[in-house]
Amino acid sequence: MFALLARLFYLGVLQRHFLLSQSAARSLRQVPISAHRGMITDRLGEPLAISTPVDSLWINPQIFQATPRQLQQLADLLQLPVMDIQAKIKSSGKREFLYLKRGMSPNRAQSIAALHLPGVFFQREFRRFYPEGEVDAQLLGFTNIDDQGQEGLELAYNQWLRGVSGRKEVLKDRLGHTISNITVLRQPKDGDDLALSIDQRIQYQAYFALKQAVEQSGASSGSVVVLDTRTGEVLAMANAPSFNPNMRKGHDASYRNRAITDVYEPGSTIKPFNLTLALTSGKYTPQSMIDTRPGWMNVDGHIIRDTESNGVINLTQLLQKSSNVGAAKVMLSLDPQNYWNILNAVGFGHSTGTAFPGEATGSLPFHRVWRRTAIATLAFGYGIAITPLQLAQAYAVLANDGLKRQLSLLRINQPPLAKRVLNADAVKQVVQMMETVVAPGGTGVRARVAGYRVAGKTGTAYMMGPGGYDKHRFVASFVGFAPVSNPRLVVAVVMKGLTKHYYGGEVPAPVFAKVM
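If you want it as structure tokens, here you go:
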């Protein structure tokens, strides 16, 4: 009796605070309160990425109990082999927390809960869903199982979108079931929504026009960029082939936003800047004559060719027929440093400032001593590496009479101030010359849009291979803007890996016409 009284005094008086704290530690728990990730929308409020509630199933292996029949029912609902579940439990050791399945639909979670298995618990989380699927996949990117951005704009604006989880204190019984909510220690803060500059109507049309062209032409990939010249907003940025971000498997090249991360040599789409320099120098006018006979020329042992001999032509015809010989002759008569300055000013060799993860700056080499071959080949787009977005940005400068604006992937209310980077008079003359490219006799006649004046340029270049240029695979492009009377939209189409019908006026030009 004395021993029992002594023990009672020891536990009830001397050890009271310690035992109460231990009891609370075993019954009071702090659990997270999930925060809702912000929604991504297009410029008109159409949802492009939303977070939907899901349930994650976890077990306490120390108290988990199930008959063979119940275990088989659980495995069927989880779509997992029974052996996998048993192996996970066996390898958990003395752990009291083990995920079995994350991101289940609430309906499936209810079916599992109906089994009434000891040691089985659920945690409410959110899963990202992309209503437009493959159409915006590379631009938006995706999140991981914890709803954290991993690629694309989901990664770039993760801090803005993700929100902050809260915490609450709950009372649980010995089996881990929540008996009651005690108090909220920290309220969750939902993420903020993000409105993109993208117009999903244009994005949809651009993607499917490009996808069809890639499949029919046998191209390895393609990209389309659409810009609003008045604001610098990107209205569409599509790539093919694409992938479904809602059902990802592995990670391959289709995940890349090629319009902004991949570079290529632009070919003849660079020639309008060549002629802008020529007109700015005062040495040339649109009617200045260039002798391109016999259709090729030798520059320090390097042969430059046209597809055919164009004879004696003026600068306008040079652009219309896309003469490499004519462009090289004009460029060799001018200061190459001034040409480098123009290309640098319109954005080649620099980030576009969109903050997109993995954006390529391209390459615009600066030469202390310019070799004649480097000058001649740069005149028709070799020796420089750019992205499709940089190409569209440069043509937006032409569409704006030489004014350059900052690009944006987000919807903006006030257009940024423009900066003059090219001579306005020279640009206006070049734009008139570019109209002849889509006129009968021009290389881009298939880019015409009925009822609208269009200015643009075709481009074709060899692709790089393991041992240098691959003479059987090409990059073809068409870029332009409309209406010329008051330019509003720039559309750039770039397709890679073409082996037949590889000229810019054959495959990219019709895609341009559809999108524009």
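Here the sequence shown stands for residues 5 to 520, numbered as in our numbering.
All C-beta atoms in this analysis are idealised placements derived from N, C-alpha and C, irrespective of residue type, glycine included.
Backbone CA spacing between residue i and residue j [nearest angstrom]
i, j, result
"Ala396", "Ala257", "23 Å"
"Met520", "Asp203", "14 Å"
"Ser96", "Pro65", "7 Å"
"His306", "Trp300", "10 Å"
"Gly156", "Gln142", "6 Å"
"Leu411", "Leu231", "8 Å"
"Ile274", "Ala113", "58 Å"
"Tyr161", "Asp196", "10 Å"
"Leu319", "Tyr506", "25 Å"
"Ser489", "Tyr211", "27 Å"
"Ser481", "Gly137", "26 Å"
"Arg106", "Lys98", "21 Å"
"Tyr134", "Asn148", "13 Å"
"Arg450", "Phe478", "19 Å"
"Ala331", "Phe384", "7 Å"
"Arg73", "Thr358", "56 Å"
"Asn278", "Leu165", "44 Å"
"Thr356", "Ile308", "32 Å"
"Val316", "Thr284", "22 Å"
"Ile54", "Thr447", "44 Å"
"His354", "Val483", "19 Å"
"Met335", "Ile416", "39 Å"
"His40", "Leu52", "16 Å"
"Leu407", "Lys423", "5 Å"
"Gln433", "Asp405", "10 Å"
Cβ of residue i within 8 Å of any chain B Cβ
i, result
"Tyr473", "Given the protein chain composition of this structure (a single chain), no chain B is represented."
Exposed unless 16 or more other CB atoms sit within 10 angstroms - verdict on residue i
i, result
"Pro392", "buried"
"Gln207", "buried"
"Leu421", "exposed"
"Val442", "buried"
"Tyr456", "exposed"
"Glu269", "buried"
"Thr56", "exposed"
"Gly362", "exposed"
"Asp310", "buried"
"Gln540", "Coverage of the chain is limited to positions 5 through 520, which leaves residue 540 absent and any answer about it impossible."
"Met87", "exposed"
"Gln83", "exposed"
"Tyr103", "exposed"
"Asn342", "exposed"
"Met438", "buried"
"Asp59", "buried"
"Ser109", "exposed"
"Asn248", "exposed"
"Glu312", "exposed"
"Tyr259", "buried"
"Met5", "exposed"
"Asn314", "buried"
"Leu493", "buried"
"Met189", "In the sequence under discussion, the amino acid at residue 189 is Leu, which differs from the Met named in the question. Under this definition Leu189 is an exposed residue."
"Val373", "exposed"
Cross-strand partners of residue i (DSSP beta bridge)
i, result
"Gln127", "Ser60"
"Asp474", "Met467"
"Gln142", "Bridge partners of Gln142: none, in fact."
"Thr534", "As displayed, the chain neither begins before 5 nor continues past 520, which places residue 534 out of reach and without an answer."
"Ala480", "Thr464, Met499"
"Glu173", "Gln34, Thr187"
"Gly153", "Thr147"
"Lys193", "Val168"
"Phe485", "Ala459, Val494"
"Asn318", "Met293"
"Ser367", "Ala389"
"Lys408", "Lys423"
"Arg309", "Trp300"
"Arg375", "According to DSSP, Arg375 bridges with nothing at all."
Rounded Cβ spacing between residue i and residue j (contact assumed at less than 8 Å)
i, j, result
"Ala486", "Val453", "6 Å"
"Gly42", "Leu198", "6 Å"
"Leu200", "Leu413", "6 Å"
"Val174", "Val497", "Contact doesn't hold; Cβ gap of about 57 Å is too wide."
"Ser327", "Thr296", "5 Å"
"Phe130", "Ser38", "6 Å"
"Ala364", "Thr265", "5 Å"
"Ala213", "Lys518", "4 Å"
"Gly226", "Arg409", "26 Å between Cβ atoms; not a contact."
"Lys500", "Ala91", "About 46 Å separates the two Cβ atoms, so there is no contact after all."
"Gly460", "Gln394", "No, Gly460 and Gln394 are not in contact; Cβ-Cβ is about 16 Å, not under 8 Å."
Check: residue i C-beta below 7 Å from any heavy atom of the ligand NAP
i, result
"Leu421", "For the ligand NAP, the structure offers nothing, since it holds no ligand at all."
- Within the region 218-306, ranges of the alpha helix (DSSP H) (whole runs, at least 4 residues): 262-265, 275-285
- If you scan the region 413-439 from start to end, which runs of the alpha helix (DSSP H) of 4 or more residues do you find wholly inside it? 428-439
- Contiguous alpha helix (DSSP H) assignments of at least 4 residues, all confined to the region 80-123: List check, alpha helix (DSSP H) in window: 86-95, 110-117.
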